[in-house]
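To start, the structure itself, in structure tokens.
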Amino acid sequence: MNLTCIIVDDEPNAVNLLEVLIKQTTQWGLSAKCYNALEALAFLKTNKVDLIFLDINMPHLSGMELAALLPSQTKIVFTTAYSEYAAESYSFQTVDYLLKPVTLKRFLASVQKIELWFSRQVAVTAAPAAPGGGEYFFVKSGKVVRKILLEDILYFEGEKEYVRLVTGHEQILIYRRLKDIEDQLMPPFIRVHNSYIINSKLLVKIEDNHIFIADRRIAIGEKFKDGFMTLINKRKF
698 MNLTCIIVDD
708 EPNAVNLLEV
718 LIKQTTQWGL
728 SAKCYNALEA
738 LAFLKTNKVD
748 LIFLDINMPH
758 LSGMELAALL
768 PSQTKIVFTT
778 AYSEYAAESY
788 SFQTVDYLLK
798 PVTLKRFLAS
808 VQKIELWFSR
818 QVAVTAAPAA
828 PGGGEYFFVK
838 SGKVVRKILL
848 EDILYFEGEK
858 EYVRLVTGHE
868 QILIYRRLKD
878 IEDQLMPPFI
888 RVHNSYIINS
898 KLLVKIEDNH
908 IFIADRRIAI
918 GEKFKDGFMT
928 LINKRKF
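In the numbering used here, the protein residues as written are 698 to 934.
Given below as structure tokens:
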């Protein structure tokens, strides 16, 4: 897939690593390498790109502050050494969140996720939606492969080497790690606990540091709390 991207990071070693990974594993065009957010803003005034690899902790203007200034059609992959920003990052037009140091394995997974996201957008633009249709994927549970609509999923619950996928009418056990599934999901799905990813569209209420979704009460993990509540506060009157 031919995409255009830029790297925005004040750490030269991080920039160099991403440049190598992009050039060796994709057909994307790397349009620029910017070493601070102001440099990136100046570039983007006269140039359009599909994707930005964006560091969070930068002087003068942070990655989060820059993200708030970007047009919605410009998608973001945040790159940072700090996992506590993950939930908050998805209040922007975020496709993925890479923790430094970025490994080849994790970058390849991100490439898959990014290209899948852009291919879906092309498909949605090119074809009219079917009545009653929706985004879906297939899951393998035992010897059975099931088609699941994303809009039906309440939450994913991690159980060691398994993940329990829960909808309003059934539960499916999948032989995958929760982190692997998280890497393939995009908003409205959000990690709220070491053991839970929820569909934020379907949560009913938040009370006493717990999320209520359908008839389930799920604790909000401490390291996910700030980012999750930032998302909630953006929609709170």
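In this text, a Cβ means the ideal position worked out from N, Cα and C, and glycines have one as well.
Apart from the 5 residues on each side of it in sequence, LYS898 sits with its Cβ closer than 7 Å to the Cβ of PRO885 in its chain, given in chain order. Closest in alpha carbon position to CYS702, among ALA778, LEU882, TRP725, PHE925, is TRP725. A residue is called buried when at least 16 other Cβ atoms come within 10 angstroms of its Cβ; THR743 does not meet this threshold and is exposed.
Inter-residue distance for THR927 and ARG888 is about 13 Å (C-alpha atoms, whole angstroms). Under DSSP, the beta-bridge partners assigned to ALA916 are HIS907. Of the other Cβ atoms in all chains shown, 16 or more fall within 10 Å of the Cβ of VAL808; this residue is therefore buried. For the 9 Å CB-CB criterion, ILE753 and SER786 form a contact. For GLU716, same chain residues with a beta-carbon under 7 Å away, outside a window of 5 residues either side, are ILE704, LEU727, LYS730 in chain order.
Put simply, the stretch 851-858 touches the stretch 896-915. At least three CB pairs are less than 8 Å apart. Separation of TYR893 and ILE915 (C-alpha to C-alpha, rounded to the nearest whole angstrom) is 8 Å. A direct Cα-to-Cα measurement between LEU751 and LEU767 gives close to 12 Å.
Cβ neighbours of ALA806 within its own chain (closer than 6 Å, five residues either side excluded): ASP880. Distances from the CA of LYS810 to each of ARG932, ASP877, PHE925, ASP706 were compared; the closest alpha carbon is that of ASP877. Taking the C-beta atoms as reference points, LEU763 is found no nearer than 9 Å to LEU796. Scanning LYS902, ASP707, LEU875 for the CA closest to the CA of SER759 turns up ASP707. Selection PHE815, PRO756, TYR779 evaluated against THR771 yields PHE815 as nearest (Cα-Cα).
Excluding sequence positions up to five before and after ARG874, its CB lies within less than 8 Å of the CB of GLY855, GLU858, VAL860, all in the same chain and listed in chain order.
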